[in-house]
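Some notes on the structure that comes next.
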Amino acid sequence: MEHEHQQAIASSPEITFAHEPAPNTKRIWKTFWILLVLTIAELALGLSHYIFHMEGWLLLFVKGGMIILSLCKAVYIVSIFMHLGDEIRNMKLTILVPLLLFIWFVTAFLWDGVAWKNLRNKFDRPSTEQVAPAAHDAQKPGGLD
Amino acid sequence: MMWLFLLSDTFTFGALLISYGTIRVSQPYWPDPNHVYNAFPLMGHADLPLAFVSLMTFILIMSSVTMVLAVHEGHKRNRAGVEKWLLWTILGGFMFLGCQAWEWTHLITGSHPVLIDGVVKEIGTTISMNPFGPAVPGLMHDGHQVTVPGPIGFGSFFFGITGFHGFHVFSGVMLNILMYFWTRGGRFDRLGHYEMIEKVGLYWHFVDLVWVFVFLCFYLI
Chain A
0 MEHEHQQAIA
10 SSPEITFAHE
20 PAPNTKRIWK
30 TFWILLVLTI
40 AELALGLSHY
50 IFHMEGWLLL
60 FVKGGMIILS
70 LCKAVYIVSI
80 FMHLGDEIRN
90 MKLTILVPLL
100 LFIWFVTAFL
110 WDGVAWKNLR
120 NKFDRPSTEQ
130 VAPAAHDAQK
140 PGGLD
Chain B
0 MMWLFLLSDT
10 FTFGALLISY
20 GTIRVSQPYW
30 PDPNHVYNAF
40 PLMGHADLPL
50 AFVSLMTFIL
60 IMSSVTMVLA
70 VHEGHKRNRA
80 GVEKWLLWTI
90 LGGFMFLGCQ
100 AWEWTHLITG
110 SHPVLIDGVV
120 KEIGTTISMN
130 PFGPAVPGLM
140 HDGHQVTVPG
150 PIGFGSFFFG
160 ITGFHGFHVF
170 SGVMLNILMY
180 FWTRGGRFDR
190 LGHYEMIEKV
200 GLYWHFVDLV
210 WVFVFLCFYL
220 I
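Taken in sequence, the protein lines are chains A and B. For what it's worth, numbering that gives the first Met the number 0 labels the leading residue of the first sequence as 0, then goes sequentially. For what it's worth, numbering that gives the first Met the number 0 labels the leading residue of the second sequence as 0, then goes sequentially.
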């Protein structure tokens with residue numbers, strides 16, 4: 000039975016590594032708890048910068064913390080739920096090496112965004128300075144459109 | 000093949016999220032997500048930042064777990080087990096879509112007073128309108144602080160990216176329903192392996208993976 004099972008899986012052309020069926024679901028539930036704890040930690044950070052109104056480096060630090068926690072979640076989902084961690088080395092590299100492009104994408108595009116913002120601050124008139132209407136306009140129902 | 004498709008889809012979502020990031024950092028002002036996403040069904044106007052989206056995140060992680068359990072039962076070639084966990088996964092997918100429908104409706108129909116061309120108007124969040132701009136000091140309307148319009152990109156990126164993700168969730172649910180009927184019909188028992196469940200499982204986890212980053216980029220940061 001066991002032998003036949005292995006053969007059936009190996010006969011499929013798209014499976015590079017026929018792993019033994021896991022004996023129990025302990026690993027799955029452990030991953031679930033890790034993901035849950037990471038999500039709660041993210042929420043705690045997200046709410047903390049709402050409650051305490053942080054600025055500058057502290058805010059960047061909190062946001063960086065949330066990004067790192069998200070990347071940890073991604074690693075757990077990919078390596079255990081999608082079992083990329085159990086695949087052969089070539090398979091892992093095929094998937095992971097192209098993702099390195101993202102390092103350049105994110106850096107280049109955010110850099111561009113910041114440059115754009117600097118140009119805006121330098122040359123645009125601030126769009127937020129709108130003049131409040133006279134008091135009777137705001138209170139009169141007819142003036143509310 | 001599923002891995003290669005997912006790799007290409009990663010770049011699609013990556014491109015969308017990076018363009019969102021570029022526009023966002025180029026704006027002098029961007030709405031605070033804790034302020035925008037603070038509603039919960041049946042809770043009226045209670046200020047509950049991030050509560051509802053946490054529930055959605057939990058539902059999606061949970062459905063990912065039930066999908067792994069279905070794949071696990073597939074390895075053991077236990078047809079009844081695969082059917083049971085697939086049904087839970089389908090239920091999780093529908094719950095997530097329902098939550099998203101509620102949230103979209105809330106954002107589109109929930110209007111806020113905004114000062115446009117010297118007149119106060121009540122507008123909701125759509126792909127071309129955003130009521131969450133900076134506050135106009137000292138101007139109130141029906142007891143609510145009046146603001147100026149926020150950056151338009153906020154709504155377009157939010158609805159565009161969560162919509163594209165929701166479309167993936169919907170396709171995933173349809174695939175899972177197909178898998179459920181194929182399992183019930185004994186197709187995989189005849190083939191001798193449950194490999195197809197694994198492939199659909201990969202897709203489903205990918206949808207969860209994308210949500211991790213959508214959650215990060217739109218709700219947390």
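Note that the Cβ used here is the ideal one computed from N, Cα and C, for glycine as well.
Since residue 220 (chain B) and residue 81 (chain B) are thought to touch, with beta carbons under 8 Å apart, how far apart are those beta carbons, to the nearest angstrom?
-> Along the second sequence, read from residue 1 onward, the residue named residue 220 (chain B) stands at position 221. Along the second sequence, read from residue 1 onward, the residue named residue 81 (chain B) stands at position 82. Not quite, the Cβ-Cβ distance comes to about 38 Å (not below 8 Å), so this is no contact.
How would you label residue 146 (chain B), buried or exposed, when you count the other beta carbons within 10 angstroms and need 16 or more for buried?
-> Here residue 146 (chain B) refers to the residue found at position 147 when the second sequence is read from its first residue. Label assigned to residue 146 (chain B): buried.
Could you check which residue in A:45, A:49, A:63 and A:79 has the C-alpha nearest to that of residue 29 (chain A)?
-> As a first step, residue 29 (chain A) must be located in the first sequence, where it is residue number 30. Closest by alpha carbon: A:79.
Going by C-alpha distance, which of B:216, B:105 and B:128 is nearest residue 43 (chain B)?
-> Taking the second sequence and counting its residues from 1, one reaches residue 43 (chain B) at position 44. With distances taken between Cα atoms, residue 43 (chain B) lies closest to B:105.
Give every residue of the same chain whose Cβ lies closer than 8 Å to the Cβ of residue 110 (chain B), excluding the five residues on either side of it in the sequence, and list them in chain order.
-> Numbered from 1 along the second sequence, position 111 holds the residue referred to as residue 110 (chain B). Hits under 8 Å: 121, 122, 123 and 130.
In terms of residue numbering, what span does the beta strand (DSSP E) encompassing residue 52 (chain A) cover?
-> Reading the first sequence from its first residue, position 53 is the one you call residue 52 (chain A). Looking at the DSSP string, residue 52 (chain A) is not in any beta strand (DSSP E), and its letter there is neither H nor E.
By the criterion of Cβ-Cβ separation under 9 Å, what are the contact partners of residue 51 (chain A) in chain B?
-> Counted from its first residue, the first sequence places residue 51 (chain A) at position 52. Simply none; closest approach about 12 Å.
At which residues does the alpha helix (DSSP H) containing residue 99 (chain B) begin and terminate?
-> The residue labelled residue 99 (chain B) in the question sits at position 100 within the second sequence. That run of the alpha helix (DSSP H) goes 78-108.
Using 8 Å as the limit for Cβ to Cβ distance, is residue 88 (chain A) near chain B?
-> Start at 1 with the first residue of the first sequence, and residue 88 (chain A) comes out as number 89. Taking Cβ atoms only, chain B never reaches closer than 8 Å to residue 88 (chain A), which makes this a no.
Could you tell me the distance, in whole angstroms, from the CA atom of residue 16 (chain B) to the CA atom of residue 54 (chain B)?
-> Taking the first residue of the second sequence as 1, we reach residue 16 (chain B) at position 17. Taking the first residue of the second sequence as 1, we reach residue 54 (chain B) at position 55. The alpha-carbon atoms of residue 16 (chain B) and residue 54 (chain B) are separated by roughly 22 Å.
Starting from residue 83 (chain A), trace the alpha helix (DSSP H) both ways and give me its first and last residue.
-> The residue given as residue 83 (chain A) occupies position 84 in the first sequence. Here residue 83 (chain A) belongs to no alpha helix (DSSP H), and DSSP marks it neither H nor E.
Buried or exposed (CB count within 10 angstroms, at least 16 for buried), residue 142 (chain B) | Your numbering for residue 142 (chain B) matches position 143 in the second sequence. So residue 142 (chain B) counts as exposed.
Nearest chain B C-beta to residue 112 (chain A) closer than 8 Å, yes or no?
-> Translated into the one-based positions of the first sequence, residue 112 (chain A) becomes position 113. So yes, residue 112 (chain A) belongs to the interface.
Cβ-based contacts, 7 Å cut-off: residues of the segment 50-83 of chain A near chain B = 62, 65, 66, 69, 72, 73, 76, 77, 80 and 81
Looking at the structure shown, is residue 167 (chain B) part of a helix, part of a strand, or coil, going by DSSP?
-> Counting from one through the second sequence, the residue named residue 167 (chain B) turns up at place 168. Residue state, collapsed to three classes: helix.
Work out the CA separation of residue 183 (chain B) and residue 18 (chain B) for me, nearest whole Å.
-> Taking the second sequence and counting its residues from 1, one reaches residue 18 (chain B) at position 19. Taking the second sequence and counting its residues from 1, one reaches residue 183 (chain B) at position 184. Going from the Cα of residue 18 (chain B) to the Cα of residue 183 (chain B) covers about 43 Å.
Enumerate in chain order the residues of its own chain whose CB-to-CB distance from residue 178 (chain B) is below 7 Å, with the five nearest sequence positions on each side excluded.
-> For the purposes of this step, residue 178 (chain B) is identified with residue 179 of the second sequence, where counting begins at 1. Once the five neighbours on either side are set aside, the close Cβ partners of residue 178 (chain B) are 85, 195, 196 and 199.
Determine, using beta carbons only, whether residue 111 (chain B) comes closer than 8 Å to chain A.
-> Within the second sequence, residue 111 (chain B) is the residue found at index 112, counting from 1. It does not: the Cβ of residue 111 (chain B) has no partner Cβ on chain A nearer than 8 Å.
Contacting residues, own chain, Cβ-Cβ under 6 Å from residue 193 (chain B) (five flanking each side not counted) = Here the question's residue 193 (chain B) lines up with position 194 in the second sequence. Answer for residue 193 (chain B): 73 and 187, listed in chain order.
Take the Cβ of residue 66 (chain B) as the centre, count every other Cβ of all protein chains shown within 10 Å, and call the residue buried at 16 or more, exposed below.
-> Position 67 of the second sequence, counted from the first residue, corresponds to residue 66 (chain B). So residue 66 (chain B) counts as buried.
Thinking just about the alpha-carbon of each residue, which of B:90, B:71 and B:87 is nearest to the one in residue 82 (chain A)?
-> As a position in the first sequence, residue 82 (chain A) is number 83, starting the count at 1. It is B:71 whose Cα lies nearest to the Cα of residue 82 (chain A).
Specify, as a first and last residue, the run of the beta strand (DSSP E) that residue 27 (chain B) falls within.
-> Within the second sequence, the letter at position 28 stands for residue 27 (chain B). Unbroken run through residue 27 (chain B): none, as it is neither H nor E.
Listing by chain order, which chain B residues have their CB less than 9 Å from the CB of residue 33 (chain A)?
-> On the first sequence, position 34 is the one that residue 33 (chain A) refers to. Those within 9 Å of residue 33 (chain A) in chain B number zero; the least Cβ separation is about 10 Å.
Consult DSSP for residue 159 (chain B) and reduce its assignment to one of helix, strand or coil.
-> Along the second sequence, read from residue 1 onward, the residue named residue 159 (chain B) stands at position 160. In this structure, residue 159 (chain B) counts as helix in the three-state DSSP scheme.
Check the Cβ of residue 106 (chain A) against every Cβ in chain B and list those closer than 8 Å, keeping chain order.
-> Looking up residue 106 (chain A) in the first sequence gives position 107. Simply none; closest approach about 10 Å.
Measure how close the beta-carbons of residue 69 (chain B) and residue 88 (chain B) come, nearest whole angstrom, since I'm counting them as under 8 Å.
-> The residue you call residue 69 (chain B) lines up with position 70 of the second sequence. The residue you call residue 88 (chain B) lines up with position 89 of the second sequence. That pair is a contact at about 6 Å.
Could you tell me which of B:7, B:102, B:13 and B:217 sits nearest to residue 103 (chain A), measuring between CA atoms?
-> Sequence index remark: in the first sequence, residue 103 (chain A) carries index 104 (1-based). For residue 103 (chain A), the nearest C-alpha among the options comes from B:13.
Residues that DSSP places opposite residue 221 (chain B) in a beta bridge = There is simply no residue 221 (chain B) to check, as chain B begins at 0 and stops at 220 in what is shown.
Using alpha carbons as the reference points, say which of B:174, B:96 and B:135 lies closest to residue 52 (chain B).
-> Position 53 of the second sequence, counting from 1, holds the residue named residue 52 (chain B). It is B:96.
Pairwise C-alpha distance: residue 65 (chain A) and residue 38 (chain A) = Mapped onto the first sequence, residue 38 (chain A) falls at position 39. Mapped onto the first sequence, residue 65 (chain A) falls at position 66. Rounded to whole angstroms, residue 38 (chain A) and residue 65 (chain A) show a C-alpha spacing of 9 Å.
Beta-bridge pairing of residue 121 (chain B) - partner residues as DSSP gives them = What you label residue 121 (chain B) is simply residue 122 of the second sequence in a count that begins at 1. According to DSSP, which records beta bridges pairwise, residue 121 (chain B) is partnered with B:112.
So does the segment 68-76 of chain A actually touch the segment 46-56 of chain A, counting three or more Cβ pairs closer than 8 Å?
-> The answer is no - the segment 46-56 of chain A does not touch the segment 68-76 of chain A, with fewer than three Cβ pairs under 8 Å.
Proximity test, Cβ basis, 8 Å: residue 99 (chain A) and chain B | Your numbering for residue 99 (chain A) matches position 100 in the first sequence. Not one chain B Cβ lies under 8 Å of residue 99 (chain A).
So is residue 219 (chain B) in contact with chain E if we call contact Cβ pairs under 8 Å?
-> Absent from the structure: chain E. Protein chains present are A and B.
Pull up the distance between the alpha-carbon of residue 118 (chain A) and that of residue 111 (chain A), whole angstroms please.
-> Your numbering for residue 118 (chain A) matches position 119 in the first sequence. Your numbering for residue 111 (chain A) matches position 112 in the first sequence. C-alpha separation (whole angstroms): 11 Å.
If we count the other Cβ atoms within 10 Å of its Cβ and call it buried at 16 or more, is residue 32 (chain A) buried or exposed?
-> Residue mapping note: residue 32 (chain A) aligns to position 33 of the first sequence, counting from 1. Residue 32 (chain A) is exposed by the Cβ-count criterion.
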